[in-house]
Structure formats: C-alpha cells, structure tokens
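Novice: A single structure is presented below for examination.
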Ligand code: DGL
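In this note's numbering, the protein residues as written are 412 to 677.
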C-alpha cells in the first residue's frame with residue numbers, strides 16, 4: 412500500500428544482486444519506502460532469452476506498481492538490456508535502468524584497455540553494442556562473460572575457494588590484455604569486490620554504476636514526483652519468488668539488517 416506523503420520506489424533484480432543498488436538508493440533517498448523483489452525462483456537471467464526476461468520483468472513491474480511504486484529501478488544490467496524499452500513503452504512512471512559503466516571506465520583508464528565483467532546476456536545485447544559504439548572511442552574494450560558468479564552470490568559464497576577460482580579465471584585474460592580498469596557489469600558483482608580486489612591487486616580500478624543510478628533516481632523523483640514530505644522511518648519490504656528462508660538469510664547478510672522476505676508468486 413502506498414502511504415501518504417511517502418514516495419515508494421520499486422526495485423527488482425533476478426536475485427539478491429540488486430541489493431547492491433538498493434544500498435545506494437537508501438543513502439540517496441533515506442525517507443523513501445522501498446519495495447524490493449528478488450526473482451530468485453528464476454535466477455540467473457544471464458542465460459535466459461530476452462523474451463523470458465521481458466515476461467518476468469513485466470509481471471514484477473506490475474506487482475511493484477500494485478504495491479504503490481511510483482518509480483521503478485531495474486537493478487539488473489541483464490534485465491535492463493532485455494526489457495527496459497518494453498517496460499518504458501508500457502508504463503508511464505519513471506523507469507531507471509542499469510548499464511555497464513563504459514563511459515566512466517573509458518575516462519579512467521590509463522593503459523587504454525578496459526575489461527568488462529558481465530553476464531552473457533548483457534554482453535550479447537544490442538544495447539551493450541550501442542553503448543560501446545557510443546563511448547568506447549579509441550579505448551580497447553575486452554569483455555568476459557562470467558557464468559557461475561551470480562550463483563555464488565545467491566548462495567552467499569562471497570569468499571569461497573570456488574568463487575576465487577572463478578574470479579581468477581575470468582579476470583586473468585583481461586589483465587593479460589593490459590586492462591587497468593574493470594567494469595563490474597552485473598549488480599551481483601559489487602558483493603564480490605573484496606574477493607576480486609584480493610585476486611587482481613590494488614592497482615586495478617573497479618567501477619560499477621550503483622551510485623550513479625541512485626543519483627539519477629533521486630533527480631527524477633525530485634523532478635517528476637510530488638516529493639518526499641516529512642520524516643519517515645526508513646522502510647523496506649522484500650519479496651522473493653524462490654525459497655524465502657534461503658532468500659531471507661542471504662538478503663539479511665547482504666543488506667546488513669534482518670530481512671524477512673515474503674513469498675512472491677507471479
Ligand atoms: N544482477 C543481474 C545483472 O545485473 C544478474 C543477472 C543474472 O541473473 O544472470 O545482470
């Protein structure tokens with residue numbers, strides 16, 4: 412239910428990765444009511460067809476609107492690439508998506524080589540190709556799909572031996588090609604930043620878009636919605652289409668506060 416004078420923001424991801432974005436949103440809009448959906452019953456999106464992801468994104472967006480959402484954040488690069496255009500053509504409310512941070516990475520690199528870690532779906536999308544066309548310029552962009560990493564975060568295995576092996580496997584080819592800047596092109600990966608830092612060392616820049624997306628959301632909320640009046644207790648509601656006990660445990664660890672996720676059957 413929407414509450415008087417309290418802006419409600421709906422946020423979704425294929426799973427718990429979007430919580431890395433939700434943390435930035437909480438900082439930018441501390442008084443907003445947040446409703447988060449982890450589509451854990453359908454994770455990962457990275458190996459699904461665009462049609463499948465569009466269908467999931469539509470039913471979740473519809474659910475979030477029914478919960479009072481006045482703006483939607485697609486806290487998932489893969490779902491943005493597949494479904495943002497369809498959602499925007501169908502719904503009038505502000506819809507903020509995510510894309511790999513090519514523009515800031517191109518500005519930051521000194522070696523002239525940027526590595527992109529993302530899902531196979533994101534890297535194969537027309538949207539990603541257009542992003543490179545627009546911003547890569549003379550910088551060499553080397554990409555790496557990372558099957559399995561999303562699943563490790565979903566299990567809460569941020570530091571396990573297998574997680575480190577995957578990180579080593581996926582970053583080595585990029586560093587060998589001279590990348591000094593790595594884009595975390597999936598919202599699950601910021602939760603692996605510490606392990607990634609240990610694997611790649613201190614001299615590689617790691618860039619993600621969570622903070623920029625939260626700032627863009629705040630700008631649009633202030634310009635397009637009636638604003639957030641008064642002081643409210645920070646509220647957040649969490650839903651999962653998967654096993655809610657598992658989702659609640661992992662979400663609590665990543666969000667940093669106890670989370671009781673409700674089951675979402677859509
Ligand atoms: N967090 C999603 C993203 O940003 C992960 C996609 C997946 O489930 O494979 O791309």
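Even glycine gets a Cβ: it sits at the ideal position worked out from N, Cα and C.
1) Determine, using beta carbons only, whether residue 525 and residue 590 come nearer to each other than 7 Å.
2) Which runs of the beta strand (DSSP E) fall wholly inside the stretch 622 to 672 and span at least 3 residues, in chain order?
3) Would you say the beta carbon of residue 447 comes nearer than 6 Å to a heavy atom of the ligand DGL?
4) Suppose contacts are defined by Cβ-Cβ distances below 7 Å. Is residue 488 in contact with residue 596 by that definition?
5) Residue 590 lies in the beta strand (DSSP E); which residues open and close that run?
6) For residue 556, which residues does DSSP report across the bridge?
7) Can you name, in chain order, every residue of its own chain whose Cβ lies under 6 Å from the Cβ of residue 423, other than the five neighbours on each side?
8) For residue 419, count the other beta carbons within 10 Å of its own beta carbon; 16 or more makes it buried, fewer makes it exposed. Which is it?
9) Looking at C-alpha atoms only, which residue of 588, 513 and 529 is the closest neighbour of residue 548?
10) Report yes or no: do three or more beta-carbon pairs, one from the stretch 428 to 437 and one from the stretch 459 to 470, lie closer than 8 Å?
11) Nearest by alpha-carbon distance to residue 482: which of 446, 616, 652 and 562 is it?
12) Are residue 493 and residue 455 touching if we call contact CB-CB under 7 Å?
13) Looking only at DSSP bridge pairs, what is residue 449 linked to?
14) Residues in its own chain within less than 6 Å of residue 673 by CB, not counting five upstream and five downstream?
15) Taking 6 Å as the cut-off, is the CB of residue 468 close to at least one heavy atom of the ligand DGL?
16) Is residue 455 near the ligand DGL, with its Cβ less than 6 Å from a heavy atom?
17) Alpha carbon to alpha carbon, how far is residue 564 from residue 602?
18) Please indicate yes or no: does the CB of residue 619 lie closer than 6 Å to some heavy atom of the ligand DGL?
19) Which same chain residues, not among the five before or five after residue 646, have their C-beta less than 6 Å away from its C-beta?
20) Answer with buried or exposed for residue 545, where buried requires no fewer than 16 other C-beta atoms within 10 angstroms of its C-beta.
21) Within this structure, are the beta carbons of residue 527 and residue 556 separated by less than 7 Å?
22) Quick one: using the 10 Å Cβ neighbour count with 16 as the cut-off for buried, is residue 689 buried or exposed?
23) Report the three-state DSSP secondary structure of residue 610 (helix, strand or coil).
24) Determine the contact status of residue 592 and residue 520, defining contact as a CB-CB distance below 7 Å.
Specialist: Looking at the coordinates:
1) The sequence position of residue 525 within the chain shown is 114, counting from 1. The sequence position of residue 590 within the chain shown is 179, counting from 1. In contact: residue 525 and residue 590 (Cβ atoms closer than 7 Å).
2) 646 to 651, all fully within the stretch 622 to 672.
3) Here residue 447 corresponds to residue number 36 of the chain shown, with the count starting at 1. No, since every heavy atom of the ligand DGL falls outside the 6 Å radius drawn around the Cβ of residue 447.
4) Position 77 of the chain shown, counted from the first residue, corresponds to residue 488. Position 185 of the chain shown, counted from the first residue, corresponds to residue 596. Yes, the Cβ-Cβ distance between residue 488 and residue 596 is below 7 Å.
5) For the purposes of this step, residue 590 is taken as residue 179 along the chain shown, with counting starting at 1. It is not in any beta strand (DSSP E) - residue 590 carries neither H nor E in the DSSP assignment.
6) Walking along the chain shown from the start, residue 556 turns up at place 145. BP columns for residue 556 point to 529.
7) By one-based count along the chain shown, residue 423 stands at place 12. Closer than 6 Å at Cβ, skipping near neighbours: 448 and 471.
8) As a first step, residue 419 is located in the chain shown; it is residue number 8 there, counting from the start. With 16 or more Cβ atoms within 10 Å of its Cβ, residue 419 is classed as buried.
9) As a position in the chain shown, residue 548 is number 137, starting the count at 1. That would be 513, whose Cα lies nearest to the Cα of residue 548.
10) no
11) If you number the chain shown from 1, residue 482 lands on position 71. Ranking 446, 616, 652 and 562 by Cα distance to residue 482 puts 446 first.
12) Numbered from 1 along the chain shown, position 82 holds the residue referred to as residue 493. Numbered from 1 along the chain shown, position 44 holds the residue referred to as residue 455. Against a cut-off of 7 Å, the Cβ pair of residue 455 and residue 493 comes out as no contact.
13) Counted from its first residue, the chain shown places residue 449 at position 38. Residue pairing from DSSP places residue 449 in a beta bridge opposite 424 and 651.
14) For the purposes of this step, residue 673 is taken as the residue at position 262 of the chain shown. Here the set comprises 650.
15) As a working note, residue 468 is residue 57 in the chain shown. The answer is no for residue 468.
16) Taking the chain shown and counting its residues from 1, the one referred to as residue 455 is at position 44. Residue 455: yes, Cβ under 6 Å from the ligand DGL.
17) Translated into positions along the chain shown, residue 564 becomes position 153. Translated into positions along the chain shown, residue 602 becomes position 191. Approximately 7 Å, taken between the alpha carbons.
18) Taking the chain shown and counting its residues from 1, one reaches residue 619 at position 208. Not so, every heavy atom of the ligand DGL lies at least 6 Å from the Cβ.
19) Counting from one through the chain shown, the residue named residue 646 turns up at place 235. Excluding residues within five positions, the ones whose Cβ falls inside 6 Å are 444.
20) Along the chain shown, read from residue 1 onward, the residue named residue 545 stands at position 134. By the neighbour-count rule (16 or more Cβ atoms within 10 Å), residue 545 is not buried but exposed.
21) Looking up residue 527 in the chain shown gives position 116. Looking up residue 556 in the chain shown gives position 145. No; because the gap between Cβ atoms is not below 7 Å, this pair is not in contact.
22) No statement about residue 689 is possible, as the shown extent of the chain runs from 412 to 677 and does not include it.
23) The residue labelled residue 610 in the question sits at position 199 within the chain shown. Correct three-state label for residue 610: helix.
24) Residue mapping note: residue 592 aligns to position 181 of the chain shown, counting from 1. Residue mapping note: residue 520 aligns to position 109 of the chain shown, counting from 1. Contact: yes.
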